[in-house]
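These protein sequences, in sequence, are chains S and E.
Counted from 1, the first sequence has number 270 at position 270 by my numbering; the numbering is strictly sequential.
Counted from 1, the second sequence has number 563 at position 126 by my numbering; the numbering is strictly sequential.
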Amino acid sequence: MKTLKLILIKELRSMIRDPKILIAMIIVPVVLTAIMYGAMIGFIGQTAREALTMKGVAAVYDEDHGNWSKYIIDEMNKIGVETISVNSEEELLETIRNNRALLGGIVIPKGFSENISSAKPAKIYVYTVVRSINVLALTRMSRLPTLINNIGRNLTLRVVSEKGVSEEFVRKGVKSVGIAMFKDRMVYGTDMEALIGSLVMVSIFVPLIVLILSSFIAQLSATSIAVEKEEKMLETLLSLPLSRLQLIAGKILASVIIGFIGLILYGGLFAWYFTAVPSAASGGESGVNILSALSNVIGGSVLSSMIASLVGVVLFVLSLAILLALFVEDVRSAQIISGYVVLPLGIAIFLALFVDPASMSQSSRIALSLIPLVNIGFIVNMGFIGDYLSLTLIPVSNLLYAGLMMYIASRIISTERVFTMKLFRRRGRYRGLFRRR
Amino acid sequence: MSSGEVIRVIDLEKVYPRGVHALKGLNFTVKRGEIYGLIGPNGAGKTTTLRIIATVLQPTRGDAYVEGYSVSRDPDMVRRRIAYLPEDAGAYKYLTGIEFLEFIASFYTDDRERMHRMISEAIRISDLGDRIKDKIKTYSKGMLRRLLIAKTLMVHPPVALLDEPTSGLDVINATRIRRIIKKYAREYGTTILLSSHNMLEVEYLCDRVGIIHEGRIIAEGEPRKLMEEYNAENLEEVFAKIVGGEK
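Below is the structure:
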């Protein structure tokens, strides 16, 4: 472990003193977060506007049978949402659980119209089944709660303009109470728009953070090998009495430590972001604790498996970057090559936003979880649908791939191939002039 | 390998991946405490020979031994017995001179006392004074080369491999470094194998030289004897006569 420690200390000293790394760790995350903040606010606003022009079917249990409950149903029909009447809350739950085509269901409780007629606050219960947490499914799921919120807001304004109303009614008006149904449990009293907004962010941004960090630390580790060549130290290092595996491991570990410091910085910004965006999107009314929401959706034990998966993927990306960087001659080529490593990760994350593993067979999910890099995009979804086998295979396979890459890298660095093999051989500017005719 | 031999090179051949035949059966030995110079023009195979003995490259055929250990079969044992200075070596620019010396010394010893002695000696050899506490990126080329010579010699290696030790330096710095090498080899009895295309430098430094041309040793001996044998005033003339076929 001596070599590992020495290389680690040297790498950390060099990295911390390099101004380029400080720029990458502080300025880049701040700019990125600002861009994402703006983009997400826009996305949520757009989803709310689309909800007003949507078509679909929703189950309704009208316990009230009053004129204002009829108003709610009529408004839904006017917008284009077909309603199916049910006779009890149990029937409503069964209907929306068994019918994937339904947007959800609403319960208008007894006394709803009476409350409004006497200018007292009234509630509507909106049930939504969370079947998958990819972006498309979540966007569709958010439509009914958004619609009911809008109708409730219009109703409040109408009552306020028609009658002399109490201060309490002006403040609370007609409120929708969200009930999210996750697999075998229900979360009551949820601000559905904010919750779904947060889940969208989790499904996009958890892998996105991994992408950004992987890209950053893959570049760090790839260039840390190239720096040895550029600073003309590789030949000296290879003649020293040191373990080659520990040399590689030391470089990876240093990149991981710097990456971890970066993660704390990114994490702080994203923590703010997760609370600020739902709050801003719902007009500053309320924010949702994203960690507790995430915990409710996929369960705490799955979260730890997710973390292990992320570690596996990060190590795999790093060791792959190191392996490829052994064959480049300078830092610029190493930066290019680390881009090639991270690119498939970006594509995987993008694809995962639109692929629903819930509709796949178990064997397809297992195959998916064994594809390096691509599997990272499905971690949240695998956790959500409770496929623990695939979820375990993702970190295990990535850790195995990472170990294999590190072993191959240490074997290569033990041979002269690190010296004689080049992936990006520079061509001379005047090469053509010396060609024989 | 006889008791006085520290380095033995036997029928060493090296063919690079693109078919370049750099060494074509090299043979020579270096005795303990000797300064042996490999001289020859660019591309003759000097650097390849040193890289093979430093375990950076592997021989295609033949072998080289350092204190009886084969570079191809026991590279770890060889690495513990050598200190190597490549021709265009650099150092970590964001480390200070002293941090760099500590980094190198740590691979050779865990004993704080011994490490302290090594570093003090390196500071003396490099003659960098207080500049040893500055970042390496602020060093001139001469200062960097002195630091690198110091890191190579401070560990008291049984064998020091120096590839073009004064390459690219001005006269003052080059003379300074030659003096350091000679003094150190005499003081500590270190065996030094160096390469150079500067034949005057080799004449001043080396006890014996091997003239290498197109991957083979074409003449070997003490510089003075070679000059007498070929009736030449210096080693450059010796080389010209051998390659040109005159005597």
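Note that CB positions come from ideal geometry on N, CA and C, so glycine has one too.
Remember, it's a predicted structure, so these values are computed and weren't measured experimentally.
Identify, in the order they occur along the chain, each residue of the same chain with its Cβ nearer than 6 Å to the Cβ of residue i, setting aside the five sequence neighbours on each side.
| i | result |
| --- | --- |
| Gly80/S | Lys55 |
| Thr546/E | Met552 |
| Ala622/E | Ile472 and Ile629 |
| Asp18/S | none |
| His458/E | Val452 |
| Leu584/E | Gly534 and Ser563 |
| Thr497/E | Glu450, Lys451 and Val452 |
| Leu155/S | Val174 |
Given a cut-off of 8 Å on the beta-carbon distance, is the pair residue i and residue j in contact?
| i | j | result |
| --- | --- | --- |
| Ala603/E | Glu558/E | Note that residue 603/E corresponds to Thr in the displayed sequence, not to Ala. No; because the gap between Cβ atoms is not below 8 Å, this pair is not in contact. |
| Ile96/S | Ile225/S | no |
| Asn610/E | Gly647/E | no |
| Ile106/S | Ala58/S | yes |
| Gly312/S | Ala222/S | no |
| Ser255/S | Leu345/S | no |
| Leu12/S | Ile257/S | yes |
| Thr3/S | Gln246/S | yes |
| Phe378/S | Ser369/S | yes |
| Leu389/S | Gly383/S | no |
| Thr128/S | Gly104/S | yes |
| Leu590/E | Ala597/E | yes |
| Met636/E | Asn671/E | yes |
| Gly259/S | Phe216/S | yes |
| Glu659/E | Arg645/E | yes |
| Lys10/S | Phe540/E | yes |
| Ala367/S | Ile385/S | no |
| Met181/S | Val227/S | no |
| Asp356/S | Ser132/S | yes |
| Ala334/S | Pro395/S | no |
Rounded C-beta distance between residue i and residue j? I'm assuming under 8 Å.
| i | j | result |
| --- | --- | --- |
| Ile472/E | Leu642/E | 6 Å |
| Tyr529/E | Ile573/E | 6 Å |
| Ala409/S | Ile248/S | 5 Å |
| Ile336/S | Ala325/S | Contact doesn't hold; Cβ gap of about 10 Å is too wide. |
| His634/E | Ile489/E | About 19 Å; that fails the 8 Å criterion. |
| Gly474/E | Leu631/E | 5 Å |
| Val331/S | Ala218/S | 14 Å between Cβ atoms; not a contact. |
| Glu63/S | Pro109/S | 5 Å |
| Gly66/S | Ser118/S | Contact doesn't hold; Cβ gap of about 12 Å is too wide. |
| Ala526/E | Glu230/S | About 13 Å; that fails the 8 Å criterion. |
| Tyr481/S | Val31/S | Residue 481/S cannot be examined here, being either before or after the span of chain S that is shown, 1 to 437. |
| Leu538/E | Lys588/E | 6 Å |
Within its chain, find whatever has a CB closer than 7 Å to the CB of residue i; leave out the 5 residues flanking it on each side and keep chain order.
| i | result |
| --- | --- |
| Pro382/E | Given that chain E is displayed from residue 438 to residue 684, the structure contains no residue 382/E and the question cannot be resolved. |
| Ser176/S | Ile124, Val126, Pro145, Ile148, Asn149 and Gly152 |
| Val592/E | Ala520, Ala542, Tyr545 and Met555 |
| Leu8/S | Gly250, Leu253 and Ala254 |
| Arg411/S | none |
Kindly indicate which three-state DSSP category residue i falls into: helix, strand or coil?
| i | result |
| --- | --- |
| Ala459/E | strand |
| Asn154/S | helix |
| Arg488/E | helix |
| Tyr521/E | strand |
| Asn381/S | helix |
| Leu631/E | strand |
| Met233/S | coil |
| Asp387/S | coil |
| Ser176/S | strand |
| Met186/S | strand |
| Asn668/E | coil |
| Tyr502/E | strand |
| His65/S | coil |
| Arg445/E | strand |
| Glu471/E | coil |
| Ala101/S | coil |
| Ala34/S | helix |
| Ser507/E | strand |
| Met1/S | coil |
| Val390/E | Absent from the model: residue 390/E. The displayed extent of chain E is 438 to 684, so no value can be given. |
| Ile262/S | At residue 262/S the sequence reads Gly, which differs from the Ile that was named. Of the three classes helix, strand and coil, the one that applies to Gly262/S here is helix, per DSSP. |
Only counting the same chain, and skipping five residues up and downstream in sequence, which positions put a Cβ closer than 8 Å to that of residue i?
| i | result |
| --- | --- |
| Leu463/E | Val446, Asp448, Leu449, Glu450, Gly482, Thr486, Gly499, Ile649, Gly652, Arg653 and Ile654 |
| Phe316/S | Pro372, Leu373, Asn398, Leu399, Tyr401, Ala402 and Met405 |
| Lys172/S | Pro121 |
Would a check of beta-carbon distances place residue i closer than 8 Å to chain A?
| i | result |
| --- | --- |
| Met1/S | Protein chains S and E are contained in the structure displayed, whereas chain A is not. |
Is the segment 504-523 of chain E touching the segment 229-240 of chain S, taking contact as three or more C-beta pairs under 8 Å?
-> Below 8 Å, enough C-beta pairs join the segment 504-523 of chain E and the segment 229-240 of chain S to call them touching: three or more.
Is the number of C-beta pairs between the segment 558-568 of chain E and the segment 495-510 of chain E that are closer than 8 Å three or more?
-> The segment 558-568 of chain E vs the segment 495-510 of chain E: no contact.
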